[in-house]
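Note sheet for the following structure.
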Amino acid sequence: MSSSVVLGASRGIGFEFLRQLSLDPANIVIGLVRDVKTTESKVTAEINRSNVHIIHGDLDSYDSLKARPKRSSQETVLITLHRKQAKLPQESPAEAWTISSPTELVFPKTLTSSASENKEELMTGFKTNVVGNVHLFNLFMPLILKGQQKKVIFISSGHADLDFISKCEVEVSGPYAVGKAATNTVVAKFGAEYGNDGVLFMSISPGVVDTGHFDPTKLTEQERQGFGAFMAKMQKYVPHFQGMMTPEESVKAVVSVYEKASIANGDQGSFVSHRGTKQWI
Numbered sequence: 001m002s003s004s005v006v007l008g009a010s011r012g013i014g015f016e017f018l019r020q021l022s023l024d025p026a027n028i029v030i031g032l033v034r035d036v037k038t039t040e041s042k043v044t045a046e047i048n049r050s051n052v053h054i055i056h057g058d059l060d061s062y063d064s065l066k067a068r069p070k071r072s073s074q075e076t077v078l079i080t081l082h083r084k085q086a087k088l089p090q091e092s093p094a095e096a097w098t099i100s101s102p103t104e105l106v107f108p109k110t111l112t113s114s115a116s117e118n119k120e121e122l123m124t125g126f127k128t129n130v131v132g133n134v135h136l137f138n139l140f141m142p143l144i145l146k147g148q149q150k151k152v153i154f155i156s157s158g159h160a161d162l163d164f165i166s167k168c169e170v171e172v173s174g175p176y177a178v179g180k181a182a183t184n185t186v187v188a189k190f191g192a193e194y195g196n197d198g199v200l201f202m203s204i205s206p207g208v209v210d211t212g213h214f215d216p217t218k219l220t221e222q223e224r225q226g227f228g229a230f231m232a233k234m235q236k237y238v239p240h241f242q243g244m245m246t247p248e249e250s251v252k253a254v255v256s257v258y259e260k261a262s263i264a265n266g267d268q269g270s271f272v273s274h275r276g277t278k279q280w281i
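1 is the number of the first residue of the sequence shown in full-length UniProt numbering; add one for each residue after it.
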């Protein structure tokens, strides 16, 4: 029996991990989410399999990560995703649509307009994505060590690759990229510590995926320009680029990469794309 835990499973790529990993009835799939009730309703409506379990887990709350139920005592694979989301006015957290941060689609020079907001965004992102994942890895490590596959997969982003940023002049998503790059280092450090125990740590970028975060009708003019410029650079980076992947395509590729990966093959602490290479698109 295989068991997987997906943190950030309420929507998009995370929810697609629940759907695909639960296709085999022998697999136990546990989703850690902030809003259990809403996610359970979505799972019932769109997946409806008894091997999917939803429990509360929030990278901003150490206590929520620590208070995992006994049924999660057989984890062999831990997959962690997180995009900090800002609510639109008069919407509940479960209904909110947003880009991951106010600066995701703007250029670095615009960040000088509000030093206090910039500091808050960077510090909040660091607390959630870096400190939160350190807590998550440490708390779940005793369970991972009992498993068979012993794999910890961090869903990163090509935005965190320095060569990609320089080669393609990708100026957008600064705070987001900083958080992902920092967590890539955390993943590599944990890999260095637990490699002798047989635990594989990897960072994998899911590619450019259409998860509904970039609805043009809900972007400002400045954000639309930033998104258009980024997509144009992706077309230049990969001439055959036809647009964003679906979550289904992305998750299928990511699962294929980590299932084939091993410490013996030299994958410990690596940062690769959904292709298993440094080709991010």
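Note that the Cβ used here is the ideal one computed from N, Cα and C, for glycine as well.
From a predicted model like this one, the values you see are computed outputs, not experimental measurements.
query: Which stretch, first to last residue, makes up the beta strand (DSSP E) that contains Gly31?
result: In the sequence shown, the residue the question calls residue 31 occupies position 31. Counting along the chain, the beta strand (DSSP E) containing Gly31 begins and ends at 28-33.
(request) Hey, could you find the ends of the alpha helix (DSSP H) Thr80 is sitting in? (result) As a position in the sequence shown, residue 80 is number 80, starting the count at 1. Element bounds for Thr80: not the alpha helix (DSSP H) but the beta strand (DSSP E), 77-80.
For Pro175, is the classification buried or exposed, using 16 other Cβ atoms within 10 angstroms of its Cβ as the cut-off for buried? One-based indexing of the sequence shown puts residue 175 at position 175. By the 10 Å Cβ count, Pro175 comes out buried.
Have a look at Ser41, Val238, Lys150 and flag the residue whose alpha-carbon is nearest the alpha-carbon of Met202.
Position 202 of the sequence shown, counting from 1, holds the residue named residue 202. It is Lys150.
CA-CA distance, Ile13 and Ser116? Taking the first residue of the sequence shown as 1, we reach residue 13 at position 13. Taking the first residue of the sequence shown as 1, we reach residue 116 at position 116. Rounded to whole angstroms, Ile13 to Ser116 spans 32 Å at the Cα level.
Nearest by alpha-carbon distance to residue 284: which of Met245, Ala181, Lys167 is it? The structure shown does not extend to residue 284, since the chain is modelled only from 1 through 281, so no value can be given for it.
Minimum C-alpha distance to Gly179 - residue among Ile28, Asn138, Arg34, Val134
On the sequence shown, position 179 is the one that residue 179 refers to. The candidate whose alpha carbon is nearest that of Gly179 is Val134.
Quiz item: Applying the criterion that 16 or more other CB atoms from any shown protein chain within 10 Å of the CB defines a buried residue, is Leu193 buried or exposed?
Solution: Taking the sequence shown and counting its residues from 1, the one referred to as residue 193 is at position 193. Checking the sequence shown, residue 193 turns out to be Glu, not Leu. By the neighbour-count rule (16 or more Cβ atoms within 10 Å), Glu193 is not buried but exposed.
| said: Here's the rule I'm using: 16 or more other beta-carbon atoms within 10 Å means buried, otherwise exposed. How should Asp197 be labelled? | reply: In the sequence shown, residue 197 corresponds to position 197, counting from 1. Classification for Asp197: exposed.
Quick one: is the Cβ of Pro206 within less than 7 Å of any heavy atom of the ligand FAD? This structure simply doesn't include the ligand FAD, nor any ligand for that matter.
Three-state secondary structure (DSSP) of Lys150 | Residue mapping note: residue 150 aligns to position 150 of the sequence shown, counting from 1. Correct three-state label for Lys150: coil.
Item checked: Same chain only: Cβ atoms within 6 Å of Ser157, ignoring 5 sequence neighbours per side -> The count along the sequence shown starts at 1 and reaches residue 157 at position 157. Excluding residues within five positions, the ones whose Cβ falls inside 6 Å are Lys180, Ser205.
Legend entry - Buried versus exposed, by CB contacts within 10 Å (16 or more), Asn48: Translated into the one-based positions of the sequence shown, residue 48 becomes position 48. The residue is exposed, with fewer than 16 neighbouring Cβ atoms inside 10 Å.
Distance check for Glu16 and His53, CA to CA, integer angstroms please. Within the sequence shown, numbered from 1, the residue matching residue 53 stands at position 53. Within the sequence shown, numbered from 1, the residue matching residue 16 stands at position 16. Those two C-alpha atoms are separated by around 14 Å.
inquiry  = Looking at Ser3: is its Cβ nearer than 8 Å to the Cβ of Ile79?
reply    = In the sequence shown, residue 3 corresponds to position 3, counting from 1. In the sequence shown, residue 79 corresponds to position 79, counting from 1. Not closer than 8 Å, so no.
Exercise. For Leu65, which of Lys233, Ala232, Gly132 has the nearest alpha-carbon?
Worked result: If you number the sequence shown from 1, residue 65 lands on position 65. Looking at the Cα atoms, Gly132 is the closest of the given residues.
Considering Cα atoms alone, identify which of Ala26, Ile28, Ser10 is closest to Ala45. Residue mapping note: residue 45 aligns to position 45 of the sequence shown, counting from 1. Of the candidates Ala26, Ile28, Ser10, the one whose C-alpha sits nearest the C-alpha of Ala45 is Ser10.
- Message: I need the DSSP call for Ile47, collapsed to helix, strand or coil.
- Response: On the sequence shown, residue 47 is found 47 positions in, with the first residue counted as 1. Of the three classes helix, strand and coil, the one that applies to Ile47 here is coil, per DSSP.
DSSP beta-bridge partners of His53
Position 53 of the sequence shown, counted from the first residue, corresponds to residue 53. DSSP lists Ile30 as partners of His53.
Do the CB positions of Thr76 and Gln148 come within less than 8 Å of each other? Within the sequence shown, residue 76 is the residue found at index 76, counting from 1. Within the sequence shown, residue 148 is the residue found at index 148, counting from 1. The answer is yes: Cβ separation under 8 Å.
- Query: Three-state secondary structure (DSSP) at Ile263?
  - Reply: Taking the sequence shown and counting its residues from 1, one reaches residue 263 at position 263. DSSP places Ile263 in coil when its eight states are reduced to three.
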